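Report on one structure; see the data block that follows.
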Amino acid sequence: MLENADLGKLILRLTLGGLMLFHGIAKLLHGTGFIEGELASHGLPTFLAYGVFIGELLAPLMVVLGYQTRIGALLIVFNMLVAIALVHGHQLLSLGSNGGWALELQAFFLFTAVAVIFLGPGRYKLKN
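Residues in the sequence shown are numbered from -8 upward in steps of one, following our numbering.
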């Protein structure tokens, strides 16, 4: 039974980290201009936009590899809370065009990262 739990944790980590990495890669390829604009519109310094590389590249790699997994997942939680506060706050009580919650993707990343914090990396990980 332990092997199944460890395999489940690996699948959870690969899903969370792998899907979040696409967002970070997009920021690498296209820049952080959108985030800088959102920060400026909230009166925050635009250099904070570079923190997205921690939350969307470094942290997902930590989660995927199982290296300091709980810290990586915590960084993703923080990243998602900032994203919701800056960009998606007005959608908290909204439905998307297909009938689902407008924030279901953000909620997936947020709560999956919370689950990884509680579950830990499992057996299939880099040695710490």
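Just so you know, even glycine gets a beta-carbon here, dropped at the ideal spot from N, CA and C. This one's a predicted model, so the numbers in the text were calculated from it and none came from an experiment.
**Prompt:** By how many angstroms is the C-alpha of Ile2 removed from the C-alpha of Ala(-4)?
**Reply:** Residue numbering aside, residue -4 sits at position 5 when the sequence shown is read from its first letter. Residue numbering aside, residue 2 sits at position 11 when the sequence shown is read from its first letter. Taking the straight line from one Cα to the other gives about 10 Å.
**Asked** Taking C-beta to C-beta, are Leu56 and Lys116 nearer than 9 Å?
**Response** What you label residue 56 is simply residue 65 of the sequence shown in a count that begins at 1. What you label residue 116 is simply residue 125 of the sequence shown in a count that begins at 1. Cβ atoms of Leu56 and Lys116: closer than 9 Å.
**Message:** Applying the 10 Å Cβ sphere with the 16-neighbour rule, what's the burial state of Pro113?
**Reply:** Taking the first residue of the sequence shown as position 1, residue 113 is located at position 122. For the sequence presented, residue 113 should be read as Gly rather than Pro. The residue in question, Gly113, is buried, as its Cβ has 16 or more Cβ neighbours within 10 Å.
**Prompt:** Just the Cα atoms here: how many angstroms apart are Gly28 and His81?
**Reply:** Position 37 of the sequence shown, counted from the first residue, corresponds to residue 28. Position 90 of the sequence shown, counted from the first residue, corresponds to residue 81. Cα to Cα, the separation comes out at about 17 Å.
**Residue range of the unbroken alpha helix (DSSP H) whose run includes Glu27** = The residue labelled residue 27 in the question sits at position 36 within the sequence shown. Looking at the DSSP string, the run of the alpha helix (DSSP H) that includes Glu27 is 24 to 32.
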